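Peer 1:
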Amino acid sequence: MRDESGLAPNSAAALRLELRHQLRTGAARWIQLGGLSAENPLHHRALCATLAAVGLNPARGIQPPKLVVLDWSTVAECAADGVALFCVVATSLSNQGTQLIVCMPARSDLALVISDAIAGGIGSEITTIPVERTKSERVQCVTPSVWLADSSKSAIRDFCGGISAGLQRLIVSERVRKAIMAFATELVLNSLQHAHATRVKSTALLYTRRRPKVVEIGLADNGVGITESLVTTPTFARLSHLHDSSVVEFMLDQAASARSIANTNGVSRGGLGEAIKGLASVVDASVTVRSGRALVSLGSDGRADYRHEAFDYGLGTQVLASIRLGS
Amino acid sequence: MTRTGTTRTLAGMNAFIEQMPLRLASHVDEGIAFLDGDATKAEAALLEILESAPPGSLVPIDFSGVLIASAAARRLLKRPMLRLRAGELADRYIVLGDLGDSEDNVSIMLRDESLPMVERTSSGPLLLGDPDVAVDETWRFLSSKSSSTASEVKEALALASISSATNRLTSLAKLSLARRVDQRTVPGGGREFVYSAVR
Numbered sequence: 001m002r003d004e005s006g007l008a009p010n011s012a013a014a015l016r017l018e019l020r021h022q023l024r025t026g027a028a029r030w031i032q033l034g035g036l037s038a039e040n041p042l043h044h045r046a047l048c049a050t051l052a053a054v055g056l057n058p059a060r061g062i063q064p065p066k067l068v069v070l071d072w073s074t075v076a077e078c079a080a081d082g083v084a085l086f087c088v089v090a091t092s093l094s095n096q097g098t099q100l101i102v103c104m105p106a107r108s109d110l111a112l113v114i115s116d117a118i119a120g121g122i123g124s125e126i127t128t129i130p131v132e133r134t135k136s137e138r139v140q141c142v143t144p145s146v147w148l149a150d151s152s153k154s155a156i157r158d159f160c161g162g163i164s165a166g167l168q169r170l171i172v173s174e175r176v177r178k179a180i181m182a183f184a185t186e187l188v189l190n191s192l193q194h195a196h197a198t199r200v201k202s203t204a205l206l207y208t209r210r211r212p213k214v215v216e217i218g219l220a221d222n223g224v225g226i227t228e229s230l231v232t233t234p235t236f237a238r239l240s241h242l243h244d245s246s247v248v249e250f251m252l253d254q255a256a257s258a259r260s261i262a263n264t265n266g267v268s269r270g271g272l273g274e275a276i277k278g279l280a281s282v283v284d285a286s287v288t289v290r291s292g293r294a295l296v297s298l299g300s301d302g303r304a305d306y307r308h309e310a311f312d313y314g315l316g317t318q319v320l321a322s323i324r325l326g327s
Numbered sequence: 328m329t330r331t332g333t334t335r336t337l338a339g340m341n342a343f344i345e346q347m348p349l350r351l352a353s354h355v356d357e358g359i360a361f362l363d364g365d366a367t368k369a370e371a372a373l374l375e376i377l378e379s380a381p382p383g384s385l386v387p388i389d390f391s392g393v394l395i396a397s398a399a400a401r402r403l404l405k406r407p408m409l410r411l412r413a414g415e416l417a418d419r420y421i422v423l424g425d426l427g428d429s430e431d432n433v434s435i436m437l438r439d440e441s442l443p444m445v446e447r448t449s450s451g452p453l454l455l456g457d458p459d460v461a462v463d464e465t466w467r468f469l470s471s472k473s474s475s476t477a478s479e480v481k482e483a484l485a486l487a488s489i490s491s492a493t494n495r496l497t498s499l500a501k502l503s504l505a506r507r508v509d510q511r512t513v514p515g516g517g518r519e520f521v522y523s524a525v526r
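Dropping the structure here:
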């Protein structure tokens with residue numbers, strides 16, 4: 001990556017100019033990262049389609065490009081699940097032999113969050129392009145993001161312990177802290193237990209300027225997704241003809257309600273659903289789950305406000321809990 | 328586990344033979360128990376203690392320094408509790424302590440498995456696992472006293488009959504939440520059992 005003066009490009013615009021030929025021929029792809037979080041279904045749908053087009057959907061059989069530019073430069077905000085998915089996407093691209101260039105965010109606070117995520121390791125060949133920074137202090141990491149897929153206990157301890165310590169610094173009540181910790185713990189457990197993922201990234205962000213303050217816990221993995229994990233068990237095989245979104249909603253509804261169809265067969269109703277219910281009972285929180293082609297959002301009452309979207313493709317699973325503290 | 332300044336009556340102390348706490352941290356690698364397999368060693372240690380303990384034993388489990396998720400909590404507690412309740416390990420009891428940030432995770436598992444258990448907290452004993460109202464109400468009354476009988480339960484909870492109170496206490500004992508510690512004669516004839524709550 002050298003410009004005419006022999007220097008590396010120092011902006012997204014300069015990089016785009018330098019790569020114009022490769023971008024035209026398809027040897028390079030440019031991905032705007034605005035849709036990483038599942039918070040905005042429209043943008044996320046577009047991003048999922050782009051990810052399929054760069055070879056991350058094996059069913060499509062598309063030859064991956066040699067170079068992918070992951071562009072944060074125009075992104076003002078990204079929720080915790082988006083930051084986690086960024087790491088999973090970057091690692092997946094890197095693993096398929098694609099060279100990566102990351103254009104860093106313009107906002108200084110988001111740049112710090114992304115730097116932290118990159119510092120955790122996202123592939124072997126990464127070039128970062130800094131951009132002119134705008135000072136901003138709206139968001140910060142509650143605790144450094146971590147990779148969890150190797151079931152490393154120190155990583156789990158660092159992440160969960162970091163959230164607990166962060167909540168104590170924020171003087172969150174013990175009742176709320178325990179509910180948040182239960183959610184975070186069960187979220188990590190679910191991913192380790194059911195996702196069959198090689199990469200699981202978790203992040204926790206704090207929005208300091210919002211009133212009340214908001215904590216986000218996000219997780220993304222490259223696993224098989226909730227549907228695949230569920231329908232391969234005999235109890236839920238009958239759900240295999242349904243779309244991912246129906247299966248995910250069914251799973252969350254069963255878990256969050258008192259009706260248990262699974263418990264009698266020796267299958268647990270699921271700690272995550274119970275933890276979501278517990279979280280929503282003590283604090284204003286919403287949870288968004290995008291798993292495979294499904295996107296399901298639960299409102300603050302834990303189950304009554306389902307919204308679901310059906311996509312054509314989605315990489316692994318990502319979960320976002322947005323928790324309004326003090327509400 | 329037994330906090331400084333906690334006052335317990337002699338009758339209450341004598342109701343159970345309190346064993347040395349099982350320190351979970353000694354049986355869990357790096358203080359993290361998430362997956363089922365993470366609690367295998369701890370479950371084996373707990374079962375060994377329960378099997379070797381004399382009747383009337385109360386085994387505290389000390390969770391301090393351990394973050395436990397529902398799957399590992401299920402492995403640790405489900406089989407021992409089922410063996411206690413089935414009578415295979417009759418007249419042994421378990422109490423949880425210092426759950427810290429894991430309290431909700433353990434509670435989720437206990438609710439999921441319909442296995443109410445007692446936690447010792449700084450503000451007194453707490454019944455986890457969302458038991459039904461009758462169990463909760465009876466245990467609360469019983470745990471507020473060193474010991475009690477069906478006639479006292481009937482009166483305190485304004486129950487219709489002595490048999491209702493007896494059934495409630497029997498249910499608590501079957502759930503390993505209370506122990507039958509004595510029996511005494513009732514004025515006018517007959518006898519009644521004296522129960523003490525796990526706390």
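These protein sequence lines are chains Z and E, in that order.
The first sequence stops at residue 327 when you use this note's numbering, and every number in between is there.
The second sequence stops at residue 526 when you use this note's numbering, and every number in between is there.
Each residue gets a CB set at the ideal place from its N, CA and C atoms; glycine is no exception.
Quick caveat: nothing in here was measured; it's all calculated off a predicted structure.
1) Can you find the residues in the same chain that come closer than 6 Å, C-beta to C-beta, to E/GLY392, ignoring five residues on each side of it along the sequence?
2) Between the C-alpha atoms of Z/ARG175 and Z/LEU242, what's the straight-line distance to the nearest angstrom?
3) For a test of the three-state rule: what should DSSP assign to E/ASP528, helix, strand or coil?
4) According to a CB-to-CB cut-off of less than 8 Å, which residues of the region 181-204 of chain Z neighbour chain E?
5) With DSSP collapsed to three states, give me the class of Z/CYS48.
6) Counting only the same chain and skipping the five closest in sequence on each side, list residues whose C-beta sits under 7 Å from that of E/LEU416.
7) Return no unless some Cβ of chain Z is closer than 8 Å to the Cβ of E/LEU394.
8) When you compare the region 51-59 of chain Z with the region 103-110 of chain Z, are there three or more beta-carbon pairs, one atom per stretch, that lie closer than 8 Å?
9) Does any C-beta atom of chain E lie closer than 8 Å to the C-beta of Z/THR264?
10) Go ahead and label E/VAL460 buried or exposed: buried means 16 or more other beta carbons lie within 10 angstroms of its beta carbon, across all protein chains shown.
11) Does the beta-carbon distance from E/LEU373 to E/LEU403 come in below 8 Å?
12) With DSSP as the reference, label E/SER473 as helix, strand or coil.
13) For Z/GLN318 and Z/SER286, what's the separation of their Cα atoms in angstroms?
14) Sort out for me which residues DSSP pairs Z/THR143 with in a bridge.
15) Do you know how far the Cα of E/ALA369 is from the Cα of E/PHE343?
16) Using a Cβ distance threshold of 8 Å, determine whether the region 221-234 of chain Z contacts the region 154-173 of chain Z, with at least three qualifying pairs required.
17) Assign Z/SER257 to one of three DSSP states: helix, strand, or coil.
18) Given this structure, state the Cα-to-Cα distance separating Z/THR233 from Z/ASP116, to the nearest angstrom.
19) Who are the Cβ neighbours of Z/ALA76 in its own chain at under 7 Å, not counting the five residues just before and after it?
20) From the DSSP secondary-structure annotation, give me the bridge partner or partners of E/ILE395.
21) For Z/ARG259 and Z/ARG209, I'd like the C-alpha separation in whole angstroms.
22) Determine the closest residue to E/ALA400 out of E/SER475, E/ASP431, E/PRO382, E/ALA524, with distance taken between C-alpha atoms.
23) Check E/PHE520 in the structure and name its three-state DSSP category.
24) Listing by chain order, which chain Z residues have their CB less than 8 Å from the CB of E/ALA438?
25) Between Z/ALA13 and chain E, is any beta-carbon pair separated by less than 8 Å?
26) Between E/PHE390 and chain Z, is there a C-beta pair that is closer than 8 Å?
27) Considering only the beta carbon of each residue, do Z/GLU186 and Z/GLY271 sit closer than 8 Å?
28) Does the beta-carbon of E/GLY424 have 16 or more other beta-carbons within 10 angstroms, so that it is buried, or is it exposed?
29) With a threshold of 8 Å, are at least 3 pairs of Cβ atoms found where one atom belongs to the region 63-70 of chain Z and the other to the region 26-46 of chain Z?
30) Is Z/ARG169 close to chain E? Criterion is C-beta to C-beta, closer than 8 Å.
31) So with CB distances below 7 Å, who are the chain Z contacts of E/GLY358?
32) Is there a Cβ from chain Z that is less than 8 Å from the Cβ of E/GLU430?
33) What does the Cβ neighbour count give for E/THR512, buried or exposed, with the cut at 16 atoms within 10 Å?
34) Buried or exposed: which applies to E/MET444, given that a residue is buried once 16 or more other Cβ atoms fall within 10 Å of its Cβ?
35) Could you tell me the distance, in whole angstroms, from the CA atom of E/ILE489 to the CA atom of E/ARG419?
36) Whole angstroms is fine: what's the gap from E/SER449's alpha carbon to E/GLY427's?
Peer 2: Working from what's here:
1) ALA352, GLY358
2) 38 Å
3) This structure does not reach residue 528 of chain E, given that chain E is present from 328 up to 526, and the question cannot be answered.
4) MET181, ALA182, THR185, GLU186, VAL188, LEU189, LEU192, GLN193
5) helix
6) LEU377, GLU378, ARG410
7) yes
8) no
9) For Z/THR264, the pLDDT reaches just 42, beneath the cut-off of 50, and the residue's location in the model is therefore unreliable, although a value from the coordinates is still provided. Output row for Z/THR264: interface = no.
10) exposed
11) yes
12) coil
13) 14 Å
14) Z/ALA204
15) 23 Å
16) no
17) For Z/SER257, the predicted model reports a pLDDT of 48, less than 50, meaning its position is unreliable; a value from the coordinates is still stated below. Of the three classes helix, strand and coil, the one that applies to Z/SER257 here is coil, per DSSP.
18) 38 Å
19) ARG107
20) E/ALA360
21) Only weak support exists for where Z/ARG259 lies, its pLDDT of 41 falling under 50; the value from the coordinates is given anyway. Roughly 40 Å separates the two Cα atoms.
22) E/ASP431
23) strand
24) One point to set straight first is that residue 438 of chain E is Arg, not Ala, in the sequence displayed. By Cβ distance, chain Z contributes GLU274.
25) no
26) no
27) yes
28) buried
29) yes
30) no
31) ARG157
32) yes
33) exposed
34) buried
35) 27 Å
36) 11 Å
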